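Take the sequence shown: its position 94, counted from the start at 1, is 93 in numbering that gives the first Met the number 0, and no numbers get skipped. Yeah, the Cβ is synthetic: ideal placement off N, Cα and C, and Gly gets one too. These numbers come from a predicted model, not from an experiment.
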Amino acid sequence: MQVPFLDLKIQYKSIKNEIDPAIQNILDNTAFVLGKAVSDFEAAFAKEHGVKHCIGVSSGTDGNHLALWALGIQPGDEIIIPADTFIATAWGATLCGAKPVFVDCESDSYNIDPKKVEVAITKKTKAIVAVHLYGQSADLDPLREIAKKHKIYLVEDCAQAHFAEYKSKRVGGLSDMASFSFYPGKNLGAYGEGGAVTTNDDEVAKKVKMIRDHGAIQKYNHEMLGHNYRMEGIQGAVLGVKLKHLDKWTEGRRRAAKKYNDLLKDLPFIKLPKEMNYAKHVYHLFVIQVNVGGSKQRDDLVKYLNDNGISTGLHYPIPLHLQPCFKDLGYNKGDFPVAEKLAECGLSLPMFPELSDEQIVYVCDSIKKFFIA
Ligand SMILES: Cc1ncc(COP(=O)(O)O)c(C=O)c1O
Numbered sequence: 000m001q002v003p004f005l006d007l008k009i010q011y012k013s014i015k016n017e018i019d020p021a022i023q024n025i026l027d028n029t030a031f032v033l034g035k036a037v038s039d040f041e042a043a044f045a046k047e048h049g050v051k052h053c054i055g056v057s058s059g060t061d062g063n064h065l066a067l068w069a070l071g072i073q074p075g076d077e078i079i080i081p082a083d084t085f086i087a088t089a090w091g092a093t094l095c096g097a098k099p100v101f102v103d104c105e106s107d108s109y110n111i112d113p114k115k116v117e118v119a120i121t122k123k124t125k126a127i128v129a130v131h132l133y134g135q136s137a138d139l140d141p142l143r144e145i146a147k148k149h150k151i152y153l154v155e156d157c158a159q160a161h162f163a164e165y166k167s168k169r170v171g172g173l174s175d176m177a178s179f180s181f182y183p184g185k186n187l188g189a190y191g192e193g194g195a196v197t198t199n200d201d202e203v204a205k206k207v208k209m210i211r212d213h214g215a216i217q218k219y220n221h222e223m224l225g226h227n228y229r230m231e232g233i234q235g236a237v238l239g240v241k242l243k244h245l246d247k248w249t250e251g252r253r254r255a256a257k258k259y260n261d262l263l264k265d266l267p268f269i270k271l272p273k274e275m276n277y278a279k280h281v282y283h284l285f286v287i288q289v290n291v292g293g294s295k296q297r298d299d300l301v302k303y304l305n306d307n308g309i310s311t312g313l314h315y316p317i318p319l320h321l322q323p324c325f326k327d328l329g330y331n332k333g334d335f336p337v338a339e340k341l342a343e344c345g346l347s348l349p350m351f352p353e354l355s356d357e358q359i360v361y362v363c364d365s366i367k368k369f370f371i372a
């Protein structure tokens, strides 16, 4: 049996009758950049997340940059970022000229460890970026308290966490501002690049809109510095269609996760993802940790699964503090043991809403055979 890591074709086929006319409508109206499809999507996405403003942008990376730019982050500022995340979280800081300051993650949730945040705060710290990694919310209450105490911003990177919940509320409106990615493989994916910034703050939302479009609200009147971070019309149309299916797809991911958990729970060689009591996990990724034999055993398992037709992923093989591009920041191996262990022993199993029970059984049987045979 073949089990892909992700299957975008199945999903497209299931909604082709809605997607094709929505794209055709953009072509007929030549509404290629922003336009009604984008603003309709923005309104629907904001409503779904219980947040006042959603501004559609060109990618999640651009959303990270825009969020910090609109908050006034400048060269010399420091931004606290988890050591285990995709590099784009850190680009938000570096593109503003600020310095990323890394903090280890928790061994259960894999999210930034609030207990370790405060020691990383200096006079230069201006914001904490909490990533809801793999689809599970970070523990926002203690982070919010720390941010309030030090008068700094709390920003959410929700690239992997559409419809994820913290204490029964959807992420994305639970901090000063948030960014989302609609990269095709995300829980809500465009058919190209796309992202969004969300906030409840009217002033900040206005700034984000201006920066997204060359610092102007009125064409050719550039009130502030800006860039071109606009969302394309076709992406707005695709996302508008797909948003209506997201609840069902989220439940599909949660069903797949439950099946994995049920089938693998007694296997002592691996650690399963833990859904924290404050979170509703949306399983963008289903990441296990190989408990024995370190990275060699993990890599052997990857090969074994691959030889048996099962594709897997590593998220992420090098934590941010050990990335060559951040060499000058002076971090060393051993600085963030939880993130480093995850990099060495973590393994992402196939995960998408349409993953069949049969495929999951095959993946789990293969893992058992690897360890037991
Ligand atoms: C945590 C995180 N932040 C930001 C991004 C960047 O999003 P994009 O690929 O849309 O630029 C990603 C994408 O993988 C991500 O996983």
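Own chain, CB closer than 7 Å to residue i, minus 5 neighbours either side, in chain order
| i | result |
| --- | --- |
| residue 373 | Lying outside 0 to 372, the shown extent of the chain, residue 373 is not represented and no answer is given. |
| residue 335 | 82, 101, 103, 318 and 320 |
| residue 259 | 285, 348, 359 and 363 |
| residue 291 | 268 |
| residue 294 | 343 and 344 |
| residue 221 | 213, 214 and 215 |
| residue 24 | 236 |
Cβ shell of residue i (< 6 Å), same chain only, five flanking positions each side left out
| i | result |
| --- | --- |
| residue 303 | 369 |
| residue 105 | 112 |
| residue 149 | 120 |
| residue 64 | 91 and 94 |
| residue 351 | 5 and 6 |
| residue 153 | 127, 142, 143, 146, 174 and 175 |
| residue 382 | Lying outside 0 to 372, the shown extent of the chain, residue 382 is not represented and no answer is given. |
| residue 274 | 280 |
| residue 125 | 72, 76 and 151 |
| residue 17 | 240 |
| residue 234 | 189, 191 and 193 |
| residue 21 | 236 and 240 |
| residue 207 | 54, 65, 69 and 196 |
| residue 19 | none |
| residue 139 | 165 and 173 |
Proximity of residue i and residue j at Cβ, strictly below 8 Å
| i | j | result |
| --- | --- | --- |
| residue 135 | residue 42 | no |
| residue 78 | residue 66 | no |
| residue 56 | residue 80 | no |
| residue 332 | residue 343 | no |
| residue 54 | residue 195 | yes |
| residue 14 | residue 244 | yes |
| residue 249 | residue 4 | no |
| residue 116 | residue 156 | no |
| residue 193 | residue 36 | no |
| residue 269 | residue 289 | yes |
| residue 59 | residue 162 | no |
| residue 367 | residue 266 | yes |
| residue 109 | residue 341 | yes |
| residue 301 | residue 354 | no |
| residue 69 | residue 203 | yes |
| residue 229 | residue 211 | yes |
| residue 262 | residue 271 | no |
Contact set for residue i: own chain, Cβ-Cβ below 8 Å, skip 5 residues either direction
| i | result |
| --- | --- |
| residue 188 | 7, 181, 182 and 241 |
| residue 199 | 50, 51, 52 and 172 |
| residue 201 | 51 and 52 |
| residue 123 | 75, 76, 77 and 98 |
| residue 365 | 303, 304, 307 and 309 |
| residue 186 | 134, 159, 160, 161, 162, 245, 248, 249, 252, 281 and 283 |
| residue 371 | none |
| residue 330 | 101, 320 and 321 |
| residue 84 | 130, 132, 156, 315 and 319 |
| residue 39 | 235 and 239 |
| residue 167 | 279 |
Check: residue i C-beta below 7 Å from any heavy atom of ligand 3
| i | result |
| --- | --- |
| residue 159 | For the structure depicted, ligand 3 is absent and the ligand set comprises only ligand 1. |
Meets three-Cβ-pair contact criterion under 8 Å: the stretch 0 to 9 and the stretch 349 to 363: Enough Cβ pairs lie closer than 8 Å, so yes.
Suppose only complete runs of 3+ residues qualify. What are the beta strand (DSSP E) ranges in the stretch 210 to 296, listed by chain order? 285 to 289
Check whether the stretch 168 to 182 and the stretch 37 to 51 are in contact - that is, three or more C-beta pairs closer than 8 Å. The stretch 168 to 182, when compared against the stretch 37 to 51, does touch it at the 8 Å Cβ threshold.
Whole beta strand (DSSP E) runs in the stretch 47 to 133 with 3 or more residues, listed along the chain? 52 to 56, 77 to 81, 98 to 102 and 124 to 130
For the stretch 144 to 151 against the stretch 10 to 25, do three or more pairs of beta-carbon atoms, one drawn from each stretch, fall closer than 8 Å, so that the two count as touching? no
Can you list, in chain order, the stretches of the beta strand (DSSP E) that have 3 or more residues and sit fully within the stretch 326 to 357? 345 to 348
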